[in-house]
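Below is one structure, written out as structure tokens, with a few remarks after it.
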Amino acid sequence: MENKVLKGWLAALFSVLVLWGLNNVMIGYCAKILEVNYLIYTCSAFISASFMLLAIGGLKDDLAKETLRSPDTLMFGLIMLLGYLLTLSLFFYTSSTEGAFLQRISMIFSLLVAWIFMQRKPSIINTIGAIIVLIGIGLICKDIPEDIRGIIYLLMFLEGAALTARTFAAETHKTYNRAIRESEDPKLKTRIVGFVMFLVSVVFLIFSLMFATLQTYYPVFENSSIVPVLSDFYDYKSIFAGLIAGIFLITPLRIIEFFSANTIKSENFLALAAVSPFATLFWEWLLEPLTGISTKSFSINDWIAGSIITFGCLLTAIYQMYRTKKYGLEKWRDYIKTYDENDMHVYHSKDIVVKTLYHYNDDVNYSAEALA
Numbered sequence: 317m318e319n320k321v322l323k324g325w326l327a328a329l330f331s332v333l334v335l336w337g338l339n340n341v342m343i344g345y346c347a348k349i350l351e352v353n354y355l356i357y358t359c360s361a362f363i364s365a366s367f368m369l370l371a372i373g374g375l376k377d378d379l380a381k382e383t384l385r386s387p388d389t390l391m392f393g394l395i396m397l398l399g400y401l402l403t404l405s406l407f408f409y410t411s412s413t414e415g416a417f418l419q420r421i422s423m424i425f426s427l428l429v430a431w432i433f434m435q436r437k438p439s440i441i442n443t444i445g446a447i448i449v450l451i452g453i454g455l456i457c458k459d460i461p462e463d464i465r466g467i468i469y470l471l472m473f474l475e476g477a478a479l480t481a482r483t484f485a486a487e488t489h490k491t492y493n494r495a496i497r498e499s500e501d502p503k504l505k506t507r508i509v510g511f512v513m514f515l516v517s518v519v520f521l522i523f524s525l526m527f528a529t530l531q532t533y534y535p536v537f538e539n540s541s542i543v544p545v546l547s548d549f550y551d552y553k554s555i556f557a558g559l560i561a562g563i564f565l566i567t568p569l570r571i572i573e574f575f576s577a578n579t580i581k582s583e584n585f586l587a588l589a590a591v592s593p594f595a596t597l598f599w600e601w602l603l604e605p606l607t608g609i610s611t612k613s614f615s616i617n618d619w620i621a622g623s624i625i626t627f628g629c630l631l632t633a634i635y636q637m638y639r640t641k642k643y644g645l646e647k648w649r650d651y652i653k654t655y656d657e658n659d660m661h662v663y664h665s666k667d668i669v670v671k672t673l674y675h676y677n678d679d680v681n682y683s684a685e686a687l688a
């Protein structure tokens, strides 16, 4: 068991310090230097990654069939794809490192959405961590040139919203939720995400081809890096760059994410992920002679802001680790073994128990008195 946990930590470190940073650099390189079409690149990356995930995880599975039939799958997959497109757009205007730090705005969005719409009141530590992150993001935004400040703000907020929506869509996606939260089999998790990515990328590619035909003969957008034309579908730069990213970066990232979450737990993995922007900076600097992307624009102010953001993320992640160790993971599962998600009365009853336990910091006695 100890050997498996050690492998989990080593895999997580490799994912965060190597793969995550390289993927961010790859996105920045493709957006700024190769000038790929974002949509073709993303679909190529998703399709190649989904084939690899399905080859590793297998095809035969009841949950996989349910995934393909679920209307939630298309919505969840579209949010994943939209988030990737927005990342490409953001990294076009910023360095990969700055973009990685600005993505942490999703932490603020997640807290607000959970508080306002799901009645999950944030703890004091979570609030302090979010404020610290917001201060760091503000310091980075202060140095953004005025001529591109508006578009970067827009992309940052849209991507923050997309990443938050992806998190909550995953939480409500029945088959994905069962595979990720309830199964101990990493192959099942790999298989489900493979089906999600494959379905949405193929559907999106078909619609893109139809729209590209219209854009080619009746152009609506001029010189767009997002909206494709027919020639983009045989643009070797967009296709092969996406294939390389999908096979060598996205696939191992997803596999290690599931393996590590299964061995060292998600909260520990997220704590490590807080340092990923600095890993991105290292790879951006190391590969500068190959990519031609300079890191000289990363100033002392960016170092300070990045350190502040990382501290805020680590504070929140470490608190979550402490909370999980003290109270356990998802206390409500100890008292509600099964429930019919299609019966809304039962589902709402479960939701009341979950929110009550969360409100009273998983104190069973206080929660029981409040519900009595």
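The sequence shown begins at 317 in the working numbering and counts up one residue at a time. Just so you know, even glycine gets a beta-carbon here, dropped at the ideal spot from N, CA and C.
Using a C-beta cut-off of 8 Å, the segment 589-597 makes no contact with the segment 551-567, since fewer than three inter-stretch Cβ pairs fall below that distance. Exposure of I349 is indicated by the presence of fewer than 16 other C-beta atoms within 10 angstroms of its C-beta. Taking one beta carbon from each stretch, the segment 510-527 and the segment 317-337 have fewer than 3 pairs nearer than 8 Å; the two do not touch.
Judged by DSSP secondary structure, E604 falls within the alpha helix (DSSP H) whose first and last residues are E604 to T607. Taking V545 as reference, the option from F564, L521 and T567 with the minimal CA-CA separation is L521. The Cβ-Cβ distance between V341 and E538 does not fall below 8 Å. Proximity of the segment 440-452 to the segment 466-477 falls short of the contact definition, fewer than three beta-carbon pairs being nearer than 8 Å. Here S610 is exposed, its C-beta having fewer than 16 other C-beta atoms within 10 Å. Straight-line measurement puts the Cα of A590 at about 6 Å from the Cα of L630. Given a length threshold of 4 residues, each whole run of the alpha helix (DSSP H) inside the segment 409-447 is given here in chain order: 412-418 and 421-432.
In the DSSP assignment, Y345 falls within the unbroken alpha helix (DSSP H) covering G337 to Y345. Taken atom to atom, the span from the alpha-carbon of I566 to that of G337 is near 12 Å.
With a cutoff of 8 Å on beta-carbon distance, T506 and L369 are scored as near each other.
Spanning the alpha carbons of I616 and S576 requires a straight line of approximately 34 Å.
Between T480 and S422 a beta carbon distance of about 5 Å is seen, short of the 8 Å cut, so the two are scored as contacting. Taking the Cα of L375 as reference, the smallest distance to any Cα among G562, L530 and I508 is reached at I508.
According to the DSSP assignment, G373 belongs to the alpha helix (DSSP H) that extends over Y354 to G373.
By alpha-carbon distance to D548, the top candidate from I356, I363, S331 and A347 is I356.
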